[in-house]
Each structure stands twice: as structure tokens, then as C-alpha cells.
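What follows is one structure encoded as C-alpha cells, with my remarks underneath.
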Amino acid sequence: MPANRTSSLVGREGLGGPYFLLTFLHTETAREARPGQFVMIKAGASAEPPLRRPFSILEASPERETFTLFVKAIGPGSRALVSLPQGGVAQCLGPLGRPFTSPTGDSEALLVGGGYGVAPFSFLGAELARQGSRARLFYGGRTAAELPLLARLRQQGLEVVPATEDGSLGSAGRVTVPLEAHLDTAAGPHRLYACGPEAMMHAVARIAAARGLAAQVSLDPWMGCGVGTCLGCVVRIQGSGDGRWKYRCACTEGPVFDAARVVWPGEGESHARRAPGGRL
Amino acid sequence: MKLAVEVAGIRLKNPLLAASGTFGYGVEYEGLLDLSELGGIVSKGLYLEPRDGAPTPRIAETPTGLLNAIGLQGIGIHAFVKDVLPRLRQHDTALLVNVCGDTVEEYAEVSRICDGAPGIAGLEINISCPNVKQGGMAFGGDPRMTHAVVAAVRGVTRLPVIPKLSPNVGDITVFARAAEEAGADALSCINTLLGLAIDVETRRPRLGFGTGGLSGPAIRPIAVRMAWQAARAVKIPVIGIGGIASAEDALEFLVAGCRAVQIGTANFVEPKVYEQVLSGLRAYLERHGKSDIAEVVGTLEYPGEAGESETGATP
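Protein sequences appear in the order of chains A and B.
Under my numbering, the first residue of the first sequence is numbered 240, with each subsequent residue one higher.
Under my numbering, the first residue of the second sequence is numbered 1213, with each subsequent residue one higher.
Shown next, in the form of C-alpha cells:
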């Protein structure tokens, strides 16, 4: 059951540039959160910016009653969060949304994270490790500076394959290049998980479809409420019956969806929160 | 201390209602707050049949405001009465349905269905949604159409009929009077203001529908002014809506002449807003030596009008 309460900042670690790890006290989220779930959070109680922001949970610690977020400060909401002092108060509602479902049998989980979209994969990676599942993370960004979690993810024991578009770290080009190379050579079965820019998730969905693999994506539209009342965060999801798509709330029916069911934007409609305007 | 008020024959345990479109069907908030603490809940807009709503993106943040074009996505009145109402009725709060239609006949039909459904306290008639191509604002932007819709609904129900007026008009008093003449029992003032936000990088609107409705603290002074104008123009009660996020905000509308208020966008920001506003209202009454919230309603001392102290003191 999600809880709405004030939540104080107990840990703040700069990762260089606009990237921060923020740790908050929040008993319910700490105890109940599953990988892929998120919180709606806002620093303080000021009128500006008006809305809370959704953030994937990077990790949760039931013992310490805390959860941690990976935040890229690029707009008024995220900047206010990273500017909170130690002990500063945020309004936090969580845990929210449907989590990733774990692989069954002996399949290898391939996680694909782009930019700050890598956020849920520390949590998922840890859970998969605990279950004894094989897992590998393909972590992409434009430059090495966009992969600030690399060392930390490796430290937690996750197998990470970095990729940068400028070739400054790992393989050069899109993150789907090493993903496809791995799929071509490594023993399956495989199961895909993706979170990041819409174009990247769409590419992963196409790869999964072409190879007959199951894939889950975590979508990131603008959200108003987080609990399914404003209907602002809807995404187009194909039904199982008549094949007609329906608008589904990313907050309550997602953010994790079966990639094969997502109607990817073609003509004008976008599910992505980063553009337009880029205000977060 | 008395916070209970009566609007159009509906008894509200306090003057705070959840505004349509910002509180879903109410049940979504069951685990997060005690719904029986609310004076009332106005449902998401309901047509006869389910609606898909507007293309995405549907919301955009603006300075202290929210621009939305949801397009009245909804489950339709049949599903509401069958699946939601029985559960919602378990809470001790007044339940109002926000009635939508593409035609006058559809408004009447939805209202007729509500009339036969136990547990509905009143009907808010949505003639002011800016985000649908038919109905909505088309009825709220022409006083003859406003009259026609309200009269049609009036003819099929004994439930209180409360048209929700649009601010996207030149003179809201014309619409307030048209609604009153057609048999409205109260008015909800106001719906969202028509707005447009543009992403200059792509040179496209930030919303999939194009234009949207602006809400939140950004519109509050406009809302207070229009609710005040409407309240002075008619004898029926007015429910004030527009950017309320605190007790002081709610009090502005009450002082301006509104019998009750609705909280909208603030629900998204802080679901506990009712608790905060109620305790603020109690503190205000105490500070001003009043025992009944009704003593605050319509007490505005407007410059140049009777009852305004400085004018009275002039020899």
C-alpha cells in the first residue's frame, strides 16, 4: 500500500555534473518497494514547480527504512530535490506502479539502460542476483560522463557492458549494438528489460520482436498524480482481445509494460517525458 | 464550530469538495485519505459510454499552473453506477456526478440514469470542458445553449442541478443568469482557462490536443473574480473553484460569496490538502471569533460599496 508522507533526506552523494544519489527516510517504500516501482516526490512545499516528479527507485533498505533515487538535475523539480540540505524535507508518495516481473527458469536477463533510465536496474540486478538468475546490464549514454553509475553497478556485482555514442567508454555507438552482438553469440534463452530514451526502448522492443524474446519496458511520461486519477500519463497499449489499443495509465498499470503491447509513437504522439521542453 | 454547509439542498459536512477530473472516481484515494473527511466528491466527467480521451502528451506544467487536455477520458455512466458507486457509497460524503454530453439529449440521458441511482447527491453539468471537440464548451459558450442543456436536465431529474460554468466567456453573469432561469439549483465557477503552451524547439504545442485548460494557483485571482461576479448576479448558491491549495485560498472564495469550494489541481500535489485546509478554516474562525463558516460567506468589503467602512466614515 503506497503511503503519502513527508520524507527527510538522509544521504546525498554527488556523482559529478548533474548526477546525484539521494537517500530518503520512508518506511513504506523502504519495506515494500519492488524493482521497477517509483515514488512521486517533491522538495518542500513551495508552489513552484507545482507537480511532484516520478523517480524510479534505485534501491530500498528495509533495515534502514530508506530508499535511494538516482537523480539527474535538469529542470526545476529535480534541481529542487538535489538542492535539499541534509535533513531537508520532501513530500513523498510511494511505492507506486507495477514492478518488473522476474525471469523464470534458467533464462539470462538482459537489462538495457539508457542515460538516467538505468535507475531501476540496480534494484532489479540485485534482486536477480539474490534469486540466482543470470543477468547482464547494457548501459548506454552519449558520452562517458552520462554513465556515472558504472562503477557502482559493477561494485554490486552486476555484469555491465557500457556503450557510448562518442566511443569515450565501452563500445562505440548505440547500446543496442553490444546487446545484439551478445544475443548473436551467447547461450539463451534471454529475456529483455529496458528503460531509457523512447527511441532506445523502441529499438529494444523491435529486437525482441524479431528474435521472439520477451521484453519489458519502463515508460516515462509526464505524470500528474501517480495514482490514476488525472489520466495525464496515459500510454497506448495494445489489448489482448480485439487488437485495438487503449490508453493505460503508466502510473497504475505501468510504468512497466510488455514491450510487444506498447504502441510506439509514430505520428506526433510521444510517451516520453524528457521532450518537449526537457523540463523535469 | 460549525463547518457544515448546505448547497442546493445538499448537506455538506464541510465546504470542501474534490473537483471533477482531479479526484478520479474517488475510490483511487481510499488508501491515502479518509474520504469521509471531505464535504463531497465530484466524479470525473461521465458520458453515456466510455471515452478514450485526447492524444498524448496530456499535461504540461506552467508557472504555478497545470495545462491539461485529458479530453474527458472516462468509463461512462453505466460502469460508474454499476462498479464504482456501490463502493463509493460506503464513505460518508456527498457524491456528485459530473455529467457530460455531445448533445442536449445525452446530458439528459446521463442525468436520468443518475436520478435512478441511489447514493448520488447531485449533478454537476459539464458545459465548460475546453478539451473536447463537441459538447463541453460549445454549450457553455452560448447562453441559449447553456439554458437548453440545463432545462433539459432539469426536466428529467429531481436531483440538484449544478452547471459548471466556463471562464472562457466575456461576461460570466450572462451565463449564470441563463442557468438560473433554466432551473439550476447552484453554479460551479469556474472550469479551466483555455491556454496554449508551445515547445519552441519543435515549434509544436506541448499538448497532443493543441490547446488545453489551465488550472492551479496561476488562475486563482481570475477564478475568485468570476465566482464573485456570478454570486452577485444570481440568487442560487455558487461553488467556487480555481487554484485552491490552502485555507486562505478557500476563504477568498467564501468571502467573495461562495457557499462552498472545490479543490482541484492541489489534489495531485498533496492528497492531504483537505486536512490542511480544514484545520486552517477552523483556525481562521477562531481567530475571528466566529462559530459558523456561513458567517464568512459573502462578507467581502469591496471599495465603493455599502458596508465598506472607509466610505461610511466619509462625512
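Note that beta-carbon positions come from the ideal geometry of N, C-alpha and C, so glycine has one too.
Please work out which residues of its chain come closer than 7 angstroms, Cβ to Cβ, to residue i, disregarding the five sequence neighbours upstream and downstream, and give them in chain order.
i	result
A:ALA514	Low confidence applies here, because A:ALA514 scores a pLDDT of 39, under 50, leaving its location unreliable and the question unanswered by this model.
B:ARG1299	VAL1239
B:LEU1260	GLY1288, ILE1289, GLU1318, GLU1321 and VAL1322
B:PRO1275	ALA1430
B:ASP1304	SER1248
B:ALA1396	VAL1362, VAL1373, ILE1374, PRO1375 and ILE1448
Sort out for me which residues DSSP pairs residue i with in a bridge.
i	result
A:LYS281	A:GLN330
B:GLU1273	B:LEU1278
B:ILE1374	B:GLU1336
A:PHE377	A:VAL351 and A:VAL400
A:THR245	A:GLN330
A:TRP484	A:GLN477
B:ASP1504	B:LYS1214
A:THR305	A:LEU264 and A:SER300
B:TYR1496	The partner list for B:TYR1496 (beta bridge, DSSP) is empty, contrary to what the question assumes.
B:PHE1368	Looking at the sequence shown, residue 1368 of chain B is not Phe but Val. None; B:VAL1368 has no bridge partner.
A:PRO293	A:MET279
B:VAL1450	B:LEU1399
Which residues in chain A sit within 9 angstroms of residue i, going by Cβ to Cβ distance?
i	result
B:THR1234	GLY463, CYS464, THR468 and CYS469
B:THR1423	The premise fails here: B:THR1423 is roughly 15 angstroms from chain A at the closest Cβ pair, so nothing lies under 9 angstroms.
If we define contact as Cβ-Cβ less than 8 angstroms, is residue i a contact residue for chain A?
i	result
B:GLN1474	no
B:GLY1257	no
B:GLY1524	Because the pLDDT of B:GLY1524 is 45, which lies under 50, any placement of that residue in the model is unreliable, and the question is left without a value.
List the whole-angstrom C-beta distance separating residue i from residue j, where the pair is believed to meet the contact cut-off of C-beta under 8 angstroms.
i	j	result
A:ALA402	A:ALA447	The pair is not a contact, with the Cβ atoms about 18 angstroms apart (cut-off 8 angstroms).
B:VAL1467	B:LEU1512	5 angstroms
A:ILE313	A:PRO387	Not really, about 13 angstroms apart at Cβ, beyond 8 angstroms.
B:GLU1498	B:GLU1249	Not a contact, Cβ separation roughly 19 angstroms.
A:PHE339	A:LEU308	Not confirmed; about 17 angstroms, so no contact.
B:LEU1307	B:GLY1331	6 angstroms
B:GLY1428	B:ILE1453	No, B:GLY1428 and B:ILE1453 are not in contact; Cβ-Cβ is about 12 angstroms, not under 8 angstroms.
B:PRO1449	B:VAL1219	5 angstroms
A:ARG337	A:VAL495	5 angstroms
A:PRO359	A:GLU271	So it is not a contact: roughly 15 angstroms between Cβ atoms.
Mind listing the chain A neighbours of residue i? Cutoff is C-beta to C-beta under 8 angstroms, in chain order.
i	result
B:TYR1241	VAL466 and THR468
B:LYS1484	ASN243
B:ASN1280	GLY463, CYS469 and GLY471
B:ILE1253	Residues of chain A passing the Cβ test: none, with the nearest at roughly 11 angstroms.
Output, in chain order, the set of chain B residues within a Cβ distance shorter than 7 angstroms of residue i.
i	result
A:TYR486	ASP1264, GLY1265 and GLN1285
A:MET240	GLY1243
A:ARG334	Here the sequence assigns Pro to residue 334 of chain A, which means Arg is not the residue at that position. Here the premise fails: no neighbours, minimum Cβ distance about 12 angstroms.
Can you give me the Cβ contacts of residue i inside the same chain, cut-off strictly under 6 angstroms, excluding the 5 residues immediately before and after it?
i	result
A:SER479	none
A:THR489	According to the sequence provided, residue 489 of chain A is Ala. The question's Thr does not apply to it. Same-chain partners within the cutoff: LEU458, PRO460, CYS472 and VAL474.
B:VAL1217	LEU1224, PRO1227, ARG1471 and ALA1472
A:ARG375	LEU349 and GLU398
A:ARG244	none
A:ALA433	VAL351, MET440, VAL443 and VAL456
A:GLU347	ARG373 and HIS429
B:ALA1462	ILE1456, VAL1473 and VAL1489
A:GLY427	none
B:ASN1479	THR1234 and PHE1235
A:CYS331	SER246, HIS265, VAL278 and ILE280
B:PHE1292	LEU1258
B:GLY1251	LEU1224, LYS1225, ASN1226, PRO1227, LEU1228 and LEU1229
A:VAL321	PHE259, VAL310 and ALA312
B:ILE1222	ALA1306, ALA1333, GLY1334 and PRO1372
A:GLY356	CYS434 and GLY435
Can you list the residues of chain B that residue i reaches, using a CB-CB cut of under 8 angstroms?
i	result
A:GLU287	PRO1275 and THR1276
A:PRO460	THR1268 and PRO1269
For a contact defined as C-beta to C-beta under 7 angstroms, what are the partners of residue i on chain A?
i	result
B:PHE1480	LEU290, GLY463, CYS464 and CYS469
B:GLY1428	PRO289
Identify, in the order they occur along the chain, each residue of the same chain with its Cβ nearer than 8 angstroms to the Cβ of residue i, setting aside the five sequence neighbours on each side.
i	result
A:ALA442	ARG413 and THR415
B:ARG1324	VAL1368 and THR1369
A:GLN370	SER341
B:CYS1326	ILE1289, VAL1293, VAL1309, VAL1311, ILE1332, LEU1335, THR1369 and LEU1371
B:TYR1237	SER1255, LYS1256, ILE1287, PHE1292, VAL1296 and LEU1300
With a cut-off of 8 angstroms, does the C-beta of residue i fall near any C-beta of chain B?
i	result
A:GLN330	yes
A:PRO494	no
A:ARG513	Confidence is the limiting factor: at A:ARG513 the pLDDT is only 46, short of 50, which leaves the residue's position unreliable, though a coordinate-based value still follows. No, because no Cβ of chain B sits closer than 8 angstroms to the Cβ of A:ARG513.
A:HIS265	no
A:GLY507	Because A:GLY507 carries a pLDDT of 45, less than 50, the predicted location of this residue cannot be relied on, and no value is offered for it.
A:PHE259	no
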